[in-house]
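Residue numbers for the sequence shown follow my numbering, beginning at 69 and rising by one. For glycine and all other residues, C-beta sits at the position ideal for the given N, C-alpha and C. Here's the structure, in structure tokens; my notes come after.
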Amino acid sequence: MQDKTILQVIPNLHIGGAEQTVLEITRAIVEAGGRALIASAYNGSAYNADDKNKNSVPSLAPAIIAAGGEIITLPVASKNPFIMFANIKRLAIIIRRYRVDIIHARSRAPAWSAYAAARKTGIAYLSTYHAKVHAHPALKRFYNSGLVRGQLVIANSQFTAAQIMRFHKVPLSHIRVIPRGCDIEALAPTTPAKTSRQAMRAKWNVSADDFVILCPARLTRWKGQHIAVAAIAEALKTQDKKNIKLVCVGGIETHNDYIQTLSDLATRLGVAQNVILAGVERDMRSVYGASDVVVAPSIEAEPFGRIIIEAQAAGLAVIASDAGGFRETVADHAGWLVPPDDVAALGQCFARAIMTPPKDLAAMGAIGCAYVASRYSDALMCSRTLDVYRELA
69 MQDKTILQVI PNLHIGGAEQ TVLEITRAIV EAGGRALIAS AYNGSAYNAD
119 DKNKNSVPSL APAIIAAGGE IITLPVASKN PFIMFANIKR LAIIIRRYRV
169 DIIHARSRAP AWSAYAAARK TGIAYLSTYH AKVHAHPALK RFYNSGLVRG
219 QLVIANSQFT AAQIMRFHKV PLSHIRVIPR GCDIEALAPT TPAKTSRQAM
269 RAKWNVSADD FVILCPARLT RWKGQHIAVA AIAEALKTQD KKNIKLVCVG
319 GIETHNDYIQ TLSDLATRLG VAQNVILAGV ERDMRSVYGA SDVVVAPSIE
369 AEPFGRIIIE AQAAGLAVIA SDAGGFRETV ADHAGWLVPP DDVAALGQCF
419 ARAIMTPPKD LAAMGAIGCA YVASRYSDAL MCSRTLDVYR ELA
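Spelled out as structure tokens, the structure:
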């Protein structure tokens, strides 16, 4: 990658799976001697830790800049066709000015603009399919096809690759499956946490003997936090122990009433004391260290689902929806898969996890930790992505 310039295009730089990958690839490009440009609608201002809105989603922009990335502000989050058309010229100017070798689209919104700009300037166009592959309606499938019109497309899981082949008719030879990775060393249970288990639990108003089920995800209906809240109520019906806590960690990108929906649901089901909406937490090593089990109750198939590999890297047993990428990322004997959008099934699984002896949970966590270390490290993801860049450059 020596002297090569890569332009990644992503709608915003809020903390999320795709955005975290942009940060990791930026670091890898710079370390390999290349130049990393990022076009995003986000202006790159730093996250304010004193923001009174604990549910606001912070930005990865400062970390990207610290890693050597150069952020260029463009309205690439817009789906307005006039703005998308104007972005073609804007991106073409950037490509010529910075002598870009490869443009890498990481979302559906800017994909068409990036593709057209690449054709206009004669450079290589690459995309990563992070999101759900939609079969219907046909218009949406066509809109999403901007992600598969380049020389190569990166799929974040075997599940996503199969969906791309099925619905976009892309041959396997044009697909590179590169799962997302995580920082194995930073998340490892042997790595000291910045905040102790006791201190983090005190922050959540959770006691030392509470059984904490962690649900770390953006607060949105698709992620299924409402299913987890209802499942806690189900689990409590069969448990003598009432010291079960569901801790939801995550923020929202835009104003919505889902947080209030979760709060109202917990009150209506009589589990308000068992549900903690903790807002955004930056120090996930400490968050995992204060938890007993991690749940990812998405109501639809996740293309990949980074949370599950992070949780296993942290040595925790996991519970995930039996669909999509989770079927690949949950190691055998490291957790449980349950039918998505099924309160009763998830409640039963919660009850089973609560009754599992701590030593058995630890053994499950160790299996998951070894599995993730061998398959889902950020170093492996970055190495494979740079290999794809070399194919095209």
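Which residues DSSP lists as bridging residue i, in chain order
i    : result
T196 : I222
K147 : None, per the DSSP bridge assignment.
K208 : Partner(s): none; K208 has no beta bridge.
L345 : C316
V16  : Here the chain has residues from 69 to 461 only, and residue 16 is not among them.
S354 : Beta-bridge pairing links S354 to no other residue.
S442 : DSSP, once it has assigned bridges, lists no residue as partnering S442.
C250 : S445
H82  : S127
DSSP three-state assignment for residue i, whether helix, strand or coil
i    : result
P426 : helix
G436 : helix
A117 : In this prediction, A117 has a pLDDT of 39, which is less than 50 and means its spatial position is unreliable; nothing more can be read from the coordinates.
P284 : strand
H401 : coil
F372 : coil
S213 : helix
A388 : strand
S451 : helix
S127 : strand
A100 : coil
V363 : strand
T335 : helix
S275 : coil
V406 : strand
V245 : strand
T141 : strand
H202 : coil
Q266 : helix
Q70  : coil
G415 : helix
A182 : helix
T258 : coil
R165 : helix
K122 : Low local confidence applies: a pLDDT of 49 at K122 is under 50, so the model's placement there is unreliable, with the coordinate-based value given in what follows. K122: coil per DSSP, three-state reduction.
Cβ separation of residue i and residue j, assumed to be a contact under 8 Å, to the nearest whole Å
i    : j    : result
R286 : I327 : Contact flag wrong, Cβ pair sits at about 11 Å.
G318 : V362 : Between V362 and G318 the Cβ distance is about 12 Å, and since that is not below 8 Å, they are no contact.
P247 : N224 : 6 Å
I387 : A421 : 7 Å
Q380 : A364 : With a Cβ gap of about 11 Å, Q380 and A364 do not count as contacting.
L282 : I300 : With 8 Å as the limit, L282 and I300 do not qualify as a contact, their Cβ atoms being about 12 Å apart.
V456 : R176 : Contact flag wrong, Cβ pair sits at about 20 Å.
G214 : A179 : 4 Å
R174 : H202 : The pair is not a contact, with the Cβ atoms about 17 Å apart (cut-off 8 Å).
M423 : A402 : No, M423 and A402 are not in contact; Cβ-Cβ is about 18 Å, not under 8 Å.
A131 : L91  : 6 Å
T73  : R187 : In fact, because the Cβ distance is near 18 Å, the residues do not count as touching under 8 Å.
W290 : I367 : 6 Å
Nearest-angstrom Cα separation, counted from residue j out to residue i
i    : j    : result
S108 : E138 : 11 Å
S195 : D251 : 23 Å
V221 : F394 : 21 Å
V216 : R165 : 26 Å
E459 : P408 : 38 Å
A185 : K157 : 7 Å
W404 : C417 : 7 Å
G292 : P239 : 33 Å
Q226 : E396 : 8 Å
T453 : A192 : 14 Å
L304 : L345 : 19 Å
H242 : M352 : 35 Å
G136 : T94  : 7 Å
V297 : V343 : 7 Å
A382 : G249 : 13 Å
S146 : Q219 : 25 Å
C437 : A256 : 8 Å
I83  : S127 : 6 Å
M268 : V144 : 37 Å
I151 : A182 : 13 Å
T288 : E378 : 20 Å
D169 : A254 : 32 Å
H294 : L330 : 6 Å
A441 : P149 : 43 Å
Minimum Cβ-Cβ distance from residue i to chain B less than 7 Å
i    : result
G319 : This model lacks chain B altogether; it includes just one protein chain.
Does the contact criterion of 3 or more C-beta pairs under 8 Å hold for the stretch 352 to 372 versus the stretch 251 to 262?
yes
Quick check: the stretch 363 to 371 against the stretch 328 to 338, are there 3 or more CB pairs under 8 Å?
no
Hey, is the stretch 232 to 244 in contact with the stretch 300 to 313, meaning 3+ C-beta pairs nearer than 8 Å?
No: the two stretches stay apart, fewer than three of their Cβ pairs being nearer than 8 Å.
Segment contact, 8 Å Cβ cut-off, at least three pairs: the stretch 75 to 91 with the stretch 140 to 158
yes
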